[in-house]
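J.: One structure, as structure tokens, below. Some questions next.
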Amino acid sequence: MNAPHERDDAPLAAADAYFDAWRTNRPDDLADVLAPDVRVNGPLGRIDGADRYRAALARIFDLTDRLDLRRRWVEGDDVMTWFDLHPRGGDEPFPVASWLHVENGRVARVDVTFDVGRLLRAGDPRYSTDED
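What follows is the structure, encoded as structure tokens:
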């Protein structure tokens, strides 16, 4: 066990790698970040397994223009990140809260919340903000 003044940097390093993969639209970079049996809970349901989660994230990464990390909290093996997701196409950004639980240096659980309607509109050309 770490002494009170020491901190295990693995959770923060895993969170940094997770968001770096998102910022660079490189879901394959998550292969060494996600635990093989990662469990994800969010407004679109539950996803079990790293391969399925990487496939889902690849679709979300493609809709993302950029992320602005607003705040991060680290406590033990948990990293909570509040960020704004800026969709491609100029749609208004929307807030996302992501709670990563890290075990053995890998993300083992993700709990995420966001306005699912905003995400769905970001990927639907009928909701384009471009005016003709």
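Residue numbers (UniProt numbering): 1 to 132. Backbone N, C-alpha and C define an ideal beta-carbon position, used for all residues, glycine too.
Is the beta carbon of D65 closer than 8 angstroms to that of R46?
T.: By 1-based counting over the sequence shown, the position of residue 46 is 46. By 1-based counting over the sequence shown, the position of residue 65 is 65. Against a cut-off of 8 angstroms, the Cβ pair of D65 and R46 comes out as no contact.
J.: With a cut-off of 8 angstroms on the beta carbons, I'd call L30 and R54 a contact; round off their distance for me.
T.: Working through the sequence shown from its first residue, we reach residue 30 at position 30. Working through the sequence shown from its first residue, we reach residue 54 at position 54. Correct: roughly 5 angstroms between the Cβ atoms.
J.: Any idea what DSSP makes of L44, helix, strand or coil?
T.: Against the sequence shown, residue 44 aligns to sequence position 44. Note: L44 maps to coil in three-state DSSP.
J.: Note down the Cα distance separating D8 from L67, rounded to an integer number of angstroms.
T.: Residue numbering aside, residue 8 sits at position 8 when the sequence shown is read from its first letter. Residue numbering aside, residue 67 sits at position 67 when the sequence shown is read from its first letter. Going by the C-alpha atoms only, they are around 26 angstroms apart.
J.: So, at 6 angstroms on beta carbons, what are the nonlocal neighbours of V40 in its own chain, with the 5 sequence-adjacent residues on each side left out?
T.: Stepping through the sequence shown from its first residue, residue 40 is reached at position 40. Hits under 6 angstroms: I47, Y53 and V110.
J.: In the DSSP assignment, what are the bridge partners of V107?
T.: Against the sequence shown, residue 107 aligns to sequence position 107. DSSP lists L34 and V102 as partners of V107.
J.: Excluding five sequence neighbours on each side, which residues of the same chain lie with their C-beta closer than 6 angstroms to the C-beta of A97?
T.: Position 97 of the sequence shown holds residue 97. Once the five neighbours on either side are set aside, the close Cβ partners of A97 are W82 and T113.
J.: Just to confirm my understanding: we take P36, look at its own chain, exclude 5 residues before and 5 after, and list those with CB closer than 6 angstroms. What are they?
T.: Mapped onto the sequence shown, residue 36 falls at position 36. A50.
J.: Just to confirm my understanding: we take D12, look at its own chain, exclude 5 residues before and 5 after, and list those with CB closer than 7 angstroms. What are they?
T.: Translated into positions along the sequence shown, residue 12 becomes position 12. The residue you asked about is not Asp; residue 12 is Leu in the sequence shown. V74 and V79.
J.: Can you give me the start and stop residues for the alpha helix (DSSP H) that D16 sits inside?
T.: Within the sequence shown, numbered from 1, the residue matching residue 16 stands at position 16. That run of the alpha helix (DSSP H) goes A10 to R23.
J.: Using CA coordinates, which residue listed in R26, N25 and Y18 is at the minimum distance from V38?
T.: On the sequence shown, residue 38 is found 38 positions in, with the first residue counted as 1. Looking at the Cα atoms, Y18 is the closest of the given residues.
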